[in-house]
Each structure stands twice: as structure tokens, then as C-alpha cells.
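As given, the protein sequences belong to chains S and H, one line each in that order. Counting along the first sequence from 1, when you hit position 101 you're at 101 in full-length UniProt numbering, and nothing is skipped either side. Counting along the second sequence from 1, when you hit position 367 you're at 367 in full-length UniProt numbering, and nothing is skipped either side.
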Amino acid sequence: MAEAIQKKLKLEVEKYTQMQKDVSKSVSARQKLETQLAENNIVKEELDLLDTKNTVYKLIGPVLVKQDLDEAKATVTKRLEYINGEIQRYETLLKDLEKKSDQHRELLSGLQQEFQKAQGMAVGKV
Amino acid sequence: MAEKGKMSNEHLGGVARLREEQEKVVKDCESRIQHWKKLSGDYEALNDRLKTLPDQLSYDITVPFGPLAFMPGKLVHTNEVTALLGDNWFAKCSTKQAQKIVDHRMKYVKSEMDDLSKTMKNFEARVGLTKDLENISSGKGDYIDIREDSRIIEAAVTKGRKRIAHKPNSKPKLDAILDLKEEEEEEEEEEEEIKVEGGDTERRISTITEEELWARLDELEKLEQQQDDQDRLSDNGDMNGEESSSSEEEKEADAAPPVNGQSVKPSWTPAPHSKKPPCKDSIAEEDDEEEEGHDLPTILFSHTMEPKKVRINTGKNTMLKFSERKEQHSKKKKKNGLNNGHHELHKITTPVDIYRLFVDVKNGEPIPRKSILKSRSRENSVCSDTSESSAADFDERPTPATASRRRTVPPPSHCSPASRFEAFSGTVVEKDPMPTAVPHLTLAPPALPTIMERKQEEVASEVAPPQEAPKRVSKFKAARLQQK
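Shown next, in the form of C-alpha cells:
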């Protein structure tokens, strides 16, 4: 009895740790996105500081590719939109994960109590 | 104390942990601010260089050539800079534009630093607070934790107890077969009100101690007992002489005790006669109209006689209530003088009946009387709302009979003010058993006019009589039902 519960408990704990990993992963991804958002915001503002005579380059691999200023601005705004979308996606994902982990935590605590009970009974029998 | 120690230990652990975390946050903020400071310094240097760079057309410099070597070289195009904007975006621009960009970056850095310093201050304050908390919980330091154990205050209990004291009185009513819980409640309330009015300070609990209250209650009880004894003596004599049918009398006898037979016999005989005729009429009508009144006419007559008495009794009872509070005897006597005949008749039939009557008087009577009293007070204040409602109720139940009764009733009411009260109490009783009566619609129209009459009567202090008739009927019915 106690052993079966222990097995189950172990399995659930593993699942839970996996979930925690996912959570931390998505959190870090979100932080990265946050920094990228800030960076791109700065780029956009600085591009606004330039005038049309300035040449703008995009570093692609080892090469600097010349780009039009307007084009560059458009791509940066697009990039910003994308980043914002990603952030929102991660937000919902995080909420979901937190909910799941909460539920799992409850399940785990229940299992733990059961396990302790079973252990106590086993001890009592012995 | 041991528990407290444990608690404080756990608490201390939590506080220490909290402080640790907060300090961590503060340190983190500090390091980040350091980072931003360095960045801002770099930008300052860059800005200076950009300022001076275009001053000359070319510079002789040593150019780093790999990690190991430097080469002599020349810096040309001094006004041409390729700036990294971020995210792998580069822009070729003049030094002036580069300076703008640098200024923009500096602004950003400054805002970041401001934010960080704000959060740092915030957490430093929190650290100070948690330190204080630690000192408090550990009992060290200058702070003392003031704690008060909350205890249940039994201030409001007095009301309930007072009511309990009244309840014993109400119980006899139940014995008498009338299950008018609502009425009882009303009575209790009325009793309370009366006490307040009577000048008894019982209600003003705050000033009076419980002991005093109980002492006062005991006093009142003794007074009631004495009165009851007197009433019994007088009633027994009357009862033996007048009536042998105890059942009806018992039920109705409630009011009789208050009369406190002062020369009761003479007054009784005349009063019953005057009241009996109307009651008989009403009963006959009720029998015809209502299923409840199936009993034989003769029985009805006896009942009618009793109910009339009862009503009178109730009126006396009300008086008794007042007297109880103010010391009833004098008032009862006065009332008896007015309506003695009716009350005495009810009481006398049997010793048991008499006892019940007395009990009822105290318990049951108080209820109707109370209601009556309420109605009076209401009438005075709100222009007889209660009386109207009660009258309407009566009208609905015995519709045809009520009209006649009302008409018949007024004369007795005029004769004795107490009878009005009795009538009110009777109405209250009817509500419970009577509701089955069908002819509400037909009855309603007559009821309205009757109400008007009552109002007029009330104005002249004659309102009660119409209600008395219906009450009587209800009591009879109740008695019959009980008998069945």
C-alpha cells in the first residue's frame, strides 16, 4: 500500500519538477523578450533621429547589408509587433503553467498526506 | 508560554528569511545601478571623443591588429561614424548625429538608474521595517508588542432573560389550546414595551444590574400570584353558582382572573345578558356560513356567553398587564368596576377553569391585551392602522356575521372601554383557526364600512366593539376544534 503510493508520489513529483522547469524556461524566455523589446524600442527611436541621407545597415551573419531607412523603420516596427505578440503569448502560457502547477501541488500534498498515513498504518501494524 | 516561544521562534525564522530576501533585492539593485553607472561613464567618454573627433581632418593612431600587435595608422573621415543601434542595426552617420544617439542612450540609462534607485530605496525601507519587526517579535529592543485577549461580552443577554421571564406566562396559553405563536411574540414585545412605559427600569439594562432585575421580576411574580389567589377565591364562588361547563370557560377564562372579583357577581349577570344576544346572533350566522360553526345552537349559546366573558376578561387582562407593571391591583379593580360582570362569569365555572383562566390571563391574556395595547398605541400614532387591519381580518373570516356582530357589538363597547380591548384580543385569536372561511369577497365590502365605523368609534374611543365579536367567534371555534 505504502509502496504503491510512494511510487505514485515519485512519479508526480517528477512531473511537477518538469513543470517547474517549463515555468522557469518560459519566464526566462519572457525576460529575454523583454530586453529585446527595450532594445528595439531604442533602435526605433534612434532611427527616428537619423535623416534620409544616412545609410542604414543590417548585420546579417558576417556581412553588413545596406538597407533603406524607411525599410529599416518598417522592419523594426514589425519586429516590435512580433515581440509584443510573443510576450503576450508567454504571458498566457505562464498563467496556464502556474495554474497547472498549483493544481499539481495540491495533488502532491494530498498524495503526501496519504503516503504518510499509509506509512503510519504500516508502522502501527509492525 | 511554551507555545508562545515556539510561535515567536517560527515567526522569527520567517522574519529573518523575509529580511534576507529583501536585502538580496537591495544588493541586486545596487549591482545593477553600478552596471548602469559604468555604462553611463562609457557613454560620457564616447560623447567627449565624438565632440573632439571632427576637430581635425586626420589623426595618427596605433591601430590594434589582432590581440597581439599594434600597427601605426591614420584615422581619416573623422566626421563619419558607423553606429550600432542595437539588434544588429547599423547606421552610418556624422559625429553630430552620433552624439544625438549617445544623448538618447544616456537618457535611457538615466531613467533605468532612477527606476533602480527607487526600488532600492523601497526595499531598504522594508528592510528597516522587518528589522523592527524582528526586534519586536524577539522581545528585544525598545518595542513591546501589546496584545489583548478578546472576551465575549454578555451585555445583550439581559433582553433574552427578560423575555424568558415572560415566557412562563405565555406557556399557560398554549395549555388553553390557542397556538398563536405570532400573538405570543407580539405579546412579549408588548410586555416589554409596557414595562418601559410603566417606568420600570428593567429595560434600561445598562443602569440596572441583573440581580436588581431579577428581584424586580420576583416581586412582580408575587404580586401576580396574590392577585390570582384573590381572583380564584372570588371566581370559585361565582363559578360554582353560575356555570358548570368548564371546557369553554376554561379556554375563555383567561381574562377572568384580572377582574379580581370585586363584587363580581352582580356585574357579571347583567353584562353577559347584554352581550349574549349579539354573540348568539353572530354565532348562528357563522354556523350557517362557516363549516367551523357546526355545533348545536345550544352549545353555541353557551360558548357565546363564555367568549363574551372572555373578551371582557381579555380587556381586564390588558388592564392587568398594565397593573402588573405599575402594580395591577388598583387598575384591575377599576376595570372590574367597569366590566366586572363579564369577567366573573367566565372565571367561575370550575376551579380548574379558573386556574387556567388565571394563567391565561397572565399568559394568554397578556398577549391579546398587548396586541390591543399596541393597536391602541398605533391608532394614536398612525390613525388606527392596526385596528383596521385586525378588523379587516375579522371581517374576512365571519363576513356576514361580522357585520351584524359589529353592529351589535358597539353598544357593549360603549358601556365599557375594557371590552374594546377584549375584542381586539379575540380578533387575534381568530386569525389562526378562522382562515378557512370562504366568503372573504362577500365579507370584504361590509368590512370596509365597519372599519369606517370603527374609526369613527375610535375617534370617540369606541372602536374596539366590532373586533370583539369576531374574536369571540374565533375563540369559540378554537374551543370547538380543541374539543373535537
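Each residue gets a CB set at the ideal place from its N, CA and C atoms; glycine is no exception.
Do the CB positions of H/V109 and H/L39 come within less than 8 Å of each other?
yes
Which residues, taken in chain order from the region 84-95 of chain H, show a beta carbon closer than 9 Å to some beta carbon of chain S?
L84, L85, G86, D87, N88, W89, F90, A91, K92, C93, S94
Given a limit of 7 Å on CB to CB distance, which residues of the region 55-73 of chain S reach chain H?
T55, V56, Y57, K58, L59, L64, A72
For H/Q56 and S/T55, I'd like the C-alpha separation in whole angstroms.
24 Å
Return the chain-ordered list of same chain residues with a C-beta closer than 6 Å to the C-beta of H/E112, the five sequence neighbours on each side being excluded.
W36
Closer than 8 Å, Cβ to Cβ, to anything on chain S: give me those residues from the region 91-123 of chain H, in chain order.
A91, K92, C93, Q97, K100, I101, H104, R105, Y108
Starting from H/T130, trace the alpha helix (DSSP H) both ways and give me its first and last residue.
95-138
Within the 8 Å Cβ cut-off, does H/G14 reach chain S?
no
Decide if the region 34-42 of chain S is in contact with the region 80-92 of chain S; the criterion is three or more beta carbon pairs, one per stretch, under 8 Å apart.
yes
Going by the DSSP bridge assignment, what does H/D60 pair with across the sheet?
H/K74
Residue 138 of chain S to H/S58 span [Cα, whole Å]
Because chain S here runs from 1 to 126, residue 138 of chain S falls outside it and cannot be looked at.
S/K15: first and last residue of the uninterrupted alpha helix (DSSP H) it sits in:
2-49
Would DSSP call S/T55 helix, strand or coil?
strand
I'd like the list of long-range same chain contacts for S/Q119, defined as Cβ closer than 7 Å, with 5 residues on each side in sequence excluded.
A2
State the DSSP-derived secondary structure class of H/L68, mapped to helix, strand or coil.
coil
Would you say S/N40 faces chain H, with C-beta separation under 8 Å as the test?
yes
Closest to S/E46 by CA distance: which of H/T62, H/K74, H/E23, H/Q99 is it?
H/Q99
In chain H, which residues lie with their C-beta within 9 Å of the C-beta of S/V43?
L85, G86, D87, W89
Hey, is S/E33's beta-carbon within less than 8 Å of any beta-carbon in chain H?
The residue asked about is misnamed: residue 33 of chain S is Leu in this sequence, not Glu. Closer than 8 Å: no.
So what's residue 206 of chain S in DSSP terms, helix, strand or just coil?
Since the first residue of chain S shown is 1 and the last is 126, residue 206 of chain S is not available in this structure.
Cβ of S/L59 within 8 Å of Cβ of H/F90?
yes
Looking at the structure shown, is H/I146 part of a helix, part of a strand, or coil, going by DSSP?
coil
Residues that residue 133 of chain S contacts on chain H, provided the C-beta gap is smaller than 7 Å
Outside the displayed range of chain S (1 to 126) lies residue 133 of chain S, so it cannot be described from this structure.
Backbone CA spacing between H/K27 and H/R19 [nearest angstrom]:
12 Å
With distances taken Cα to Cα, identify the nearest neighbour of S/K21 among S/L50, S/K78, S/K100.
S/K100
Own chain, CB closer than 6 Å to H/Y43, minus 5 neighbours either side, in chain order
V102, R105, M106
DSSP state of H/T82, grouped into three classes?
strand
Report the rounded CA-to-CA distance for H/L50 versus H/K96, giving the unit in angstroms.
8 Å
Alpha carbon to alpha carbon, how far is S/E39 from S/R30?
14 Å
Whose CA, out of S/N41, S/I42, S/Q67, S/V43, lies closest to the CA of S/T52?
S/Q67
Where does the unbroken beta strand (DSSP E) through S/L64 begin, and where does it stop?
63-67
Per DSSP, H/K92 forms a beta bridge with which residues?
S/T55, H/T82
Quick one: which chain H residues come within Cβ less than 7 Å of S/L37?
The contacting residues do not exist; S/L37 stays about 10 Å from chain H at best.
Same chain only: Cβ atoms within 8 Å of S/E12, ignoring 5 sequence neighbours per side
H104, L107, L108, L111
May I have the straight-line CA-CA distance separating H/E124 from H/T130, to the nearest angstrom?
10 Å
Residues bridged to S/I60 [DSSP beta-bridge criterion]:
S/V63
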